[in-house]
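Trainee: Everything in the sequence shown is counted per UniProt numbering, starting at 1 for the first residue and increasing by one.
All C-beta atoms in this analysis are idealised placements derived from N, C-alpha and C, irrespective of residue type, glycine included.
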Amino acid sequence: MESDMHRHGITAIPDFPASATPLDAQRHDLRTAAYVETAIRLQQSHGTSCALEYLQANDVDPVTSGRVLTHPERRRHSL
């Protein structure tokens with residue numbers, strides 16, 4: 001069976017080094033930050049597929065989508 005990530009066009013999630021997204025980094029793109037925050041809530045309530053579809057519908061970069069949905073420890077802090 002095909003995974004949700006593959007079905008939605010994300011074929012690989014790169015292994016991000018811890019230094020790639022410092023935990024104290026903050027978003028300066030407020031629109032993307034709002035989409036990401038909503039997607040995180042959707043993931044918690046309706047699952048990863050729903051959150052991924054939401055991010056894709058709002059043209060959030062696939063690398064960003066993959067990072068926030070699969071590596072919660074590497075999420076940036078909101079402003």
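Select from Thr48, Tyr54, Gly66, Pro62 the residue whose C-alpha is nearest the C-alpha of alanine 34.
Mentor: Tyr54
Trainee: Report the rounded CA-to-CA distance for cysteine 50 versus glutamine 43, giving the unit in angstroms.
Mentor: Straight-line Cα distance between these residues: approximately 7 Å.
Trainee: Can the beta-carbon of leucine 52 be found closer than 8 Å to that of leucine 69?
Mentor: At a Cβ-Cβ threshold of 8 Å, leucine 52 and leucine 69 count as neighbours.
Trainee: Is it right to say proline 22 is buried, meaning 16 or more other beta carbons lie within 10 angstroms of its own, or is it exposed?
Mentor: Because the pLDDT at proline 22 is just 44, under 50, the model does not fix this residue reliably, and the point stays unresolved.
Trainee: Check whether the Cβ atoms of valine 60 and threonine 32 lie closer than 8 Å to each other.
Mentor: yes
Trainee: How far does the alpha helix (DSSP H) with arginine 67 in it reach, from first residue to last?
Mentor: Element bounds for arginine 67: 62-70.
Trainee: For arginine 75, which of helix, strand or coil comes out of DSSP?
Mentor: Arginine 75: coil per DSSP, three-state reduction.
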